[in-house]
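See below for the structure under consideration.
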Amino acid sequence: MQPEEPKRGDLIHQEQAPFLRLRGRKTTGRNKAAKGTNTTEAAEYTTRHKATLKRQTGKYCPTTCGVADYLFRYLPAISRDLESMGNDLELIANLTTNAEEKVVYMKDSATAALKSSQSEGYIKKSVNMLDDVLRFEKTQEQQILELQNVLSSIQRRMVELDKLSSQLKQKCQEPCKDSVDIQTTTGTDCQDIANKGATTSGLYYVRPAAATEQFLVYCEIDEYRRGFTVIQRRRDGSVDFNKNWNQYKNGFGHLSPDDTTEFWLGNEKIHWLTAVSTFSPIPTVLRIELVDWEGNKRYADYNMFVLSPEIDMFRLTYGYYMGGDAGDAFGGFDFGEDPSDKFYTMHNGQQFSTSDKDNDKYDGNCALQDGSGWWMNRCHAAHLNGKYYQGGTYTAKDAGFDNGIIWVTWHNRFYSLKETTMKLIPMTRIAAG
Ligand SMILES: [Ca+2]
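Heads up: take any position in the sequence shown, counting from 1, add 14, and you land on the numbering used here.
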């Protein structure tokens, strides 16, 4: 089964050194003016508006910058509408006052007429009608007053929102930015970071002495304050490890603050991390941790692990196998097919190969056949960048080659492991405590 394209999520993508996979998106807002002129409509508008706001700001954005953007887009329009509504209400109120004055005048005239007229019944009726009109006018006035109160309350809310928006605008001078949790401590590697007091596993920037730039790594810091710098992680087959030379050089996959994703840190960075110099004279231990499909865990340690520079094709060398219960697969394996099996499957001293750069000891192209980048000999007894097989078992007949995730000194070459970790630590700190 071909591994799927990398999943999206709260990840860091590092196709090239190091890319951040962003979690949210920049908010886009549309101008929208309030149309409601009474409380019900205003309430409906607010509800509708909240829904729109929620939809448009997204759920991942870690800041409120998007909200500010949005408010600023619709505020001018709604302010214009409110102003126009206020003017209308004022006009109605004026008209009503005039009408009331006229009715009072008419009523007074009618009363005066009553005194000098014989048509008493008719005029009395007219006076009663005018009283009704006056009462009606009073009710209208009351309603207008209520509307004015609603308007004032809305205006107060708008002023508050305006104030809030100004505060947000000040806070968000830049557009909505996404972020992941990157720890603030930096160092030459994860042990250096742990030595400086960091106790939490997660993402950190490191800059080894040999490096030309700092870069992001996942540091595994344990209870003994050991800081492992993780260079490779397989967990679920979500990242395709069939990549070319440049991708292996720069790294690919995803770094995540909670160690939930798959990646290859990159040969150049591994070279910088393992380069022994006068600045960093302590040898590096490569620890390999493996998990099979039954949940069993095993490990293997190699001391004085060094990856040579690109000019030497990122050659793998180590001083010796320090031990571990997974066995020494890097040392080669006698498959019982040919006396030279072990010699041609040992990895110490091999250059790195990819499908587009064949540095192996085989007439064909091991990396192309096995769909990986690795320190191929002719070809391998260990193959941790191999194809991911769900469930672990596959056959030569189906696959064509032993191209799974292999560590033959534990499981045979047609058993593909479930999880792998390759990580570095200074030799002086490998022993716990
Ligand atoms: Ca070859």
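Glycine included, every Cβ here is placed at the ideal spot set by N, Cα and C.
Since we're looking at a predicted model, the values are computed, not measured.
Bridge partners - residue i, DSSP secondary structure assignment
i, result
"T331", "V320"
"G378", "BP columns for G378 are empty, so no partner."
"P440", "T298"
"K152", "The partner list for K152 (beta bridge, DSSP) is empty, contrary to what the question assumes."
"I168", "Note: I168 sits in no beta bridge, so no partner."
"G267", "F277"
"C233", "G216, T243"
"D315", "R301, G337"
"I420", "H397"
"G201", "V220"
"K371", "T368"
"I196", "L217"
Span separating the alpha-carbon of residue i from that of residue j
i, j, result
"Q181", "K432", "51 Å"
"L382", "T368", "7 Å"
"S291", "N391", "28 Å"
"D374", "Q228", "31 Å"
"S386", "L178", "54 Å"
"C186", "D195", "19 Å"
"Y238", "R171", "55 Å"
"Y153", "L159", "Here the sequence assigns Thr to residue 153, which means Tyr is not the residue at that position. Taking the straight line from one Cα to the other gives about 10 Å."
"I245", "R87", "46 Å"
"I419", "T199", "34 Å"
"T214", "P271", "10 Å"
"P5", "L175", "The question about residue 5 has no answer, for the chain in this structure spans 15 to 447."
"A343", "Y232", "25 Å"
"R35", "Y262", "Note that R35 scores 33 on pLDDT, short of 50, meaning its location in the model is unreliable and no value can be drawn from it."
"Q404", "L398", "15 Å"
"Q156", "D146", "15 Å"
"M436", "E303", "7 Å"
"I284", "Q184", "42 Å"
"N142", "I168", "39 Å"
"A314", "Y332", "13 Å"
"L230", "P295", "22 Å"
"E97", "R149", "30 Å"
"A126", "L144", "14 Å"
"D122", "I92", "45 Å"
"E134", "A107", "34 Å"
"R249", "W421", "15 Å"
"D355", "C393", "10 Å"
"Y219", "N163", "57 Å"
"F415", "D326", "28 Å"
"L269", "T226", "21 Å"
"A31", "C380", "Reliability fails at A31, whose pLDDT of 37 lies under 50, so the model's placement of it is uncertain and the value that follows must be treated cautiously. Each residue's Cα considered, the two are about 27 Å apart."
"N209", "G201", "9 Å"
"S140", "K116", "15 Å"
Exposed unless 16 or more other CB atoms sit within 10 angstroms - verdict on residue i
i, result
"P90", "exposed"
"R94", "exposed"
"Q364", "buried"
"Y429", "buried"
"P222", "buried"
"V118", "exposed"
"L105", "exposed"
"F293", "exposed"
"F357", "exposed"
"V173", "exposed"
"R427", "buried"
"D310", "Position check: residue 310 holds Asn in this sequence, whereas Asp was assumed. By the 10 Å Cβ count, N310 comes out exposed."
"N256", "buried"
"T243", "buried"
"A212", "buried"
"G267", "buried"
"T111", "exposed"
Distance CB(residue i)-CB(residue j) smaller than 7 Å
i, j, result
"L287", "D236", "no"
"N362", "M441", "no"
"R453", "D339", "In the structure as shown, the chain begins at 15 and stops at 447. Residue 453 is therefore absent and cannot be evaluated."
"W259", "D370", "yes"
"F328", "F366", "yes"
"L165", "G216", "no"
"V299", "I444", "yes"
"L161", "L103", "yes"
"E276", "V305", "no"
"G251", "Y408", "no"
"A413", "F347", "no"
"G341", "T274", "no"
"W278", "L330", "no"
"G337", "M360", "no"
"W307", "G406", "yes"
"G241", "G265", "no"
"I439", "Q197", "no"
"D384", "N417", "yes"
For ligand 1, enumerate in chain order all residues having a CB closer than 5 Å to any of its heavy atoms. Listed by position along the chain, the residues with Cβ atoms less than 5 Å from a non-hydrogen atom of ligand 1 are D372, D374, Y376.
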